[in-house]
């Protein structure tokens, strides 16, 4: 029986709220890491490790969460991860030393690797034509969490360093209870399967042997690497080359978050109705590359805003469209495993991007991270042009992957 649009939209709305609240807690806590490090007398290297351990745990656990959700369903995995987030933020709020702080971030990374399961939920409950728009909802939830989280955290910080972490724990705890009550299961029992024993990375090897899987994964990892490099070094560029004040830099990041959210929350759905997904992926990548190349040479203010808008819109298009293409590159019953591997690739890119940004900034100057990643994106686009756009095309309905 075909599911009616209204129940499907209701499911997606519940998932959107679940992901948004989870990311709201993350956005509340993240800006406090440097303050905690100063309070506990941690070195800059330790702060870097504190940030990296979150993505490292996502790298390891995203394929495990995805494969497990293919076996037992999406709902229980999402609930377990929400419970883990609640505990991790509680530990963060109660931390009185660097050791407990590391434990809290490690657990947060493990729990935060559930985005692949949320994307598999989208794949379960949308048609091929609706897939990119559904993936855009996840991106919009991310963006809204990163916009409102720091604002709430900044207000709560006036009540001491412990208050934001405890508040984030309370918010995630309420989110867990709401999801327990309202979040339905998207994967019916007849579509679940028990993955054969072996490495959870097996879907990556299978995907990389086929252009339909390899090319979207390559572009996805490159785009995430580029955006992570930008996030790490934009404030350094603005402070050293453009001589902007901290409040001005804060507003630039807010502008980035807002533009990305608008793109993924509304624009991507309209574009996906008019332009096929492979072409959209290439357009988004080109915008991201142009924005990165222009940013170091952007002043006055309006040109800088245009360059950052190109980055935000490019990333806002590329991320959900590639997630949609990747989800279509494997068997439908294994979408959790496939999306888990893609998120692990993204986590690896989020670890390597900040590291490269720091090296390039020191060795090549403030513009180095932006110019080099723009060149990398241009190289990947050239590979796509040489191999042919059609290799990005998803298989037609009912056609098994090659």
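In the working numbering, the protein residues as written are 268 to 669. The C-beta atom is built at its ideal place from N, Cα and C for all residues, glycine as well.
Asked: Drop a sphere of 10 angstroms on the beta-carbon of residue 564, count the other beta-carbons inside from all chains shown, and report buried for 16 or more, exposed for fewer.; Found: exposed
Asked: Counting along the chain, where does the alpha helix (DSSP H) carrying residue 511 start and finish?; Found: Element bounds for residue 511: n/a, residue is neither H nor E.
Asked: Touching or not, the region 496-503 and the region 379-393, by the rule of three or more beta carbon pairs under 8 angstroms?; Found: no
Asked: Is residue 406 closer than 8 angstroms to residue 566 when the C-beta atoms are compared?; Found: no
Asked: Would you check if there are 3 or more beta carbon pairs closer than 8 angstroms linking the region 570-589 to the region 544-559?; Found: yes
Asked: Between the region 528-536 and the region 578-585, are three or more C-beta pairs nearer than 8 angstroms?; Found: yes
Asked: Pick out whichever of 490, 359 and 325 has its Cα sitting closest to the Cα of residue 428.; Found: 359
Asked: Run through the region 499-563 for me and flag every whole beta strand (DSSP E) of 3 or more residues, listed as ranges in chain order.; Found: none
Asked: Assuming residue 369 is part of the alpha helix (DSSP H), what are its boundary residues?; Found: 365-379
Asked: Mapping the DSSP letters down to three states, classify residue 629 as helix, strand or coil.; Found: helix
Asked: Quick one: using the 10 Å Cβ neighbour count with 16 as the cut-off for buried, is residue 543 buried or exposed?; Found: exposed
Asked: Between which two residues does the alpha helix (DSSP H) containing residue 391 stretch?; Found: 382-392
Asked: Buried or exposed for residue 455, please, with buried defined as at least 16 other CB atoms from any protein chain shown within 10 angstroms of its CB.; Found: exposed
Asked: Here's the rule I'm using: 16 or more other beta-carbon atoms within 10 Å means buried, otherwise exposed. How should residue 397 be labelled?; Found: buried
Asked: The alpha helix (DSSP H) spanning residue 437 covers which residue range?; Found: 429-449
Asked: Would you call the region 507-523 and the region 614-625 touching, i.e. three or more CB-CB distances under 8 angstroms?; Found: no
Asked: Between the Cα of residue 481 and the Cα atoms of 290, 590 and 328, which residue gives the shortest distance?; Found: 590
Asked: Determine the closest residue to residue 390 out of 489, 522 and 336, with distance taken between C-alpha atoms.; Found: 336
Asked: Classify residue 340 as helix, strand or coil using the three-state DSSP reduction.; Found: coil
Asked: What residues in its chain sit with their C-beta under 6 angstroms from that of residue 615, if we drop five residues either side in the sequence?; Found: 326
Asked: Suppose you measure from the CA of residue 562 to the CA of residue 636; what does that come to, to the nearest Å?; Found: 11 angstroms
Asked: Using CA atoms only, rank isn't needed, just tell me which of 648, 338, 507 and 446 is closest to residue 350.; Found: 446
Asked: Quick check on residue 397: does DSSP put it in helix, strand or coil?; Found: helix
Asked: Would you decide whether residue 512 is buried or exposed? Buried here means 16 or more other CB atoms lie within 10 Å of its CB.; Found: exposed
Asked: Under a three-way DSSP split, which group does residue 669 fall into?; Found: With a pLDDT of 36 at residue 669, under the threshold of 50, the predicted position of this residue should be treated as unreliable, and no value is reported.
Asked: Verify whether the separation of the beta carbon atoms of residue 283 and residue 416 is less than 8 angstroms.; Found: no
Asked: Using a 10 Å radius around the Cβ and a threshold of 16 neighbouring Cβ atoms, would you call residue 356 buried or exposed?; Found: buried
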